[in-house]
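Everything on this sheet refers to the single structure shown next.
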Amino acid sequence: MSDSSAAIRVAVVGMGIRGRMYATVTAGLHDAELVGVCDLDDVTRAQAAE
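Just so you know, we're using my numbering here: the sequence shown kicks off at 114 and counts up by one.
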């Protein structure tokens, strides 16, 4: 059985303000560890600039 005090590891993929909101909310949870954030708007802008 797993340890009930172990943090849930979470990566957030989102777009713009909503993605940032989910990342902020997830980072504030006491039982979750935010391990990655990807903003698809930033990815799209970077690819367009290439």
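Just so you know, even glycine gets a beta-carbon here, dropped at the ideal spot from N, CA and C.
For residue 127, the uninterrupted beta strand (DSSP E) run begins and ends at 121 to 127, by DSSP. When DSSP states are grouped into helix, strand and coil, residue 153 belongs to the helix group.
Under DSSP, the beta-bridge partners assigned to residue 147 are 123.
For the 8 Å CB-CB criterion, residue 120 and residue 146 form a contact.
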